[in-house]
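Below: the structure, in structure tokens.
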Amino acid sequence: MEKLGIPTATVCSDEFYSLGKAEAQCLGVPGLPIAVVPHPVAKLLPDEVAGLARDVVDDIYRLWHEDADRLRAEFIEKQPLAKQQMRYKSLFEGNYTAPNAPERVNGPDDLDGVNR
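Heads up: take any position in the sequence shown, counting from 1, add 236, and you land on the working numbering.
Shown next as structure tokens:
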């Protein structure tokens, strides 16, 4: 919708803001405006969700009505807070080893033994 010039308001929790920003970049909308709510939201009761909505409604209104070019520039520059950085390490960082795994798997010609 945003690519068609129709104002949108993407809402995501602070835990996933970095991911949302990265996905927007991959989808060709690096300045996608994102309204942020506190994480977690999955187990909120209905009245808690209503309170969360009241807290974010002004941000959503702004995303729908403010100049699109100004918003795009703002959200391209907006960086996640330190809390919003990914906190999980990659499985393959550090000294990860799998039992009985070959030390090295070579290029495509050598994958026949792996793909049995």
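For every residue, glycine included, the Cβ atom is placed at its ideal position computed from N, Cα and C. A quick note: this is a predicted structure, and the numbers were derived from the prediction, not measured.
Would you decide whether LEU307 is buried or exposed? Buried here means 16 or more other CB atoms lie within 10 Å of its CB.
Within the sequence shown, the letter at position 71 stands for residue 307. LEU307 is classed as buried because its beta carbon has at least 16 other beta carbons within 10 Å across all chains shown.
Return helix, strand or coil for ILE242, following the three-state DSSP convention.
Stepping through the sequence shown from its first residue, residue 242 is reached at position 6. In the structure shown, the three-state DSSP call for ILE242 is coil.
Between the C-alpha atoms of ALA271 and PHE252, what's the straight-line distance to the nearest angstrom?
Locating residue 271 in the sequence shown gives position 35, counting from the first residue. Locating residue 252 in the sequence shown gives position 16, counting from the first residue. Using only the alpha carbons, I get a separation of about 11 Å.
Using a Cβ-Cβ cutoff of less than 8 Å, which residues in the same chain neighbour LYS239 once the five nearest sequence positions on both sides are dropped?
In the sequence shown, the residue the question calls residue 239 occupies position 3. Counting only Cβ-Cβ distances below 8 Å, and skipping sequence neighbours, we find GLY264 and VAL265.
The alpha helix (DSSP H) spanning ALA271 covers which residue range?
The residue given as residue 271 occupies position 35 in the sequence shown. First-last for ALA271: 270 to 273, but that is the beta strand (DSSP E), not the alpha helix (DSSP H).
Can you name, in chain order, every residue of its own chain whose Cβ lies under 8 Å from the Cβ of ALA278, other than the five neighbours on each side?
Position 42 of the sequence shown holds residue 278. Taking C-beta separations shorter than 8 Å and ignoring five residues to either side along the sequence, ALA278 has no partners in its chain.
In the DSSP assignment, find the alpha helix (DSSP H) that holds LYS257 and state where it starts and stops.
For this step, residue 257 is matched to residue 21 along the sequence shown. Residues 253 to 262.
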